[in-house]
Amino acid sequence: MSRFKNRGKEDFIKKAHEIEDHEQLVRQVDHVENNISKRMAFNFSYFLGEAPGADFNNLNQESLSSLFIKLREFCREPISHWLLEPIGHKGTVFANYINFPKNSDFEVPAHVPKGVEWGRFRIDRATRLAGFIVPDKKNGIEITKGYRLCNNVFYVVFLDLNHGFYKTDPTKKK
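According to our numbering, the sequence shown is numbered sequentially starting from 1.
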């Protein structure tokens with residue numbers, strides 16, 4: 001052993017190991033500092049890719065890539081965050097309309113469950129992902145053994161390329 005100790009070096013190494021240990025601990029799925037439980041998700045199992053909406057194969061490579069980059073960003077936060085995030089002129093990234101819009105180019109599909117809340121995510125100037133969420137009051141209810149409803153999932157039903165899901169001008173209906 002050396003006669004001279006490098007206390008600064010030893011402290012630095014010790015601190016580096018503590019940081020590394022903490023980072024490993026935080027990466028555990030159930031750690032209090034892991035934010036996995038607040039991140040929202042998108043579900044496409046109710047998606048209809050037909051008129052008046054569009055299918056994803058109607059998008060060019062650049063538009064599709066841009067859409068998935070935005071979806072990835074949206075999934076880093078809870079839906080409640082996007083309800084408050086401003087975009088455009090007096091709008092938010094996610095709008096919860098509660099009911100299906102009366103002035104819409106779209107109709108409620110028969111395969112969508114009743115009692116959901118309809119809304120949309122704004123993708124760009126005219127493009128929207130329209131769909132629904134589980135109401136807050138239904139969050140956590142066990143429907144099937146071991147499976148619970150979650151109000152932090154957006155179920156995509158329509159790809160709206162022309163801002164026809166919720167029309168603000170009543171004269172523009174179909």
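Cβ atoms here follow ideal geometry from the backbone N, Cα and C, with glycine treated the same way.
The structure displayed is predicted, hence computed values, not measured ones.
message: Please classify I141 as buried or exposed, where buried requires at least 16 neighbouring CB atoms within 10 angstroms.
response: Residue burial is scored here from C-beta neighbours: I141 has fewer than 16 other C-beta atoms within 10 angstroms and is therefore classed as exposed.
- prompt: Whose C-beta lies closer than 7 Å to the C-beta of G162 among residues of the same chain, with five residues either side of it excluded?
  reply: It is worth fixing the name first, because residue 162 is Asn in this sequence and not Gly. For N162, where only same-chain residues beyond five positions count, the Cβ hits under 7 Å are A126.
field: Euclidean distance between Cα positions of F132 and I13
entry: Spanning the two alpha carbons is a distance of roughly 51 Å.
query: When DSSP labels each residue in this structure, what does G164 get in the three-state scheme?
result: The three-state reading of DSSP puts G164 in coil, since its state is none of H, G, I, E or B.
Proximal residues to V108 (C-beta, below 7 Å), its chain only, five neighbours per side dropped: Sequence-distant Cβ neighbours of V108 in its own chain, meaning closer than 7 Å and more than five residues away, are F100.
query: Tell me, which residues are paired with P86 by DSSP?
result: Paired residue(s): T92.
message: Taking only three categories from DSSP, how would you classify L71?
response: Residue state for L71 is assigned as helix, using DSSP reduced to three classes.
Own chain residues within Cβ distance below 7 Å of C150, not counting five before or after: Closer than 7 Å at the Cβ level, and outside the excluded window around C150, lie V134, N139.
Counted within 10 angstroms of its Cβ, other Cβ atoms place L129 as buried (16 or more) or exposed: Classification of L129: buried, given that the 10 Å Cβ count is 16 or more.
task: Confirm the yes/no value for this check: CB of E77, any heavy atom of the ligand ADP, distance under 7 Å.
output: Ligands are entirely absent from the displayed structure, and the ligand ADP is therefore not among its contents.
Other residues of its chain near V112: CB distance less than 7 Å, five sequence neighbours each side excluded: The beta carbon of V112 sits closer than 7 Å to the beta carbons of Y46, F132, V157 from its chain, once the five residues preceding and following it are set aside; these are given in chain order.
message: Can you tell me whether F56 is buried or exposed? The criterion is at least 16 other CB atoms within 10 Å of its CB, across all chains shown.
response: F56 sits exposed, since fewer than 16 C-beta atoms from the chains shown fall within 10 Å of its C-beta.
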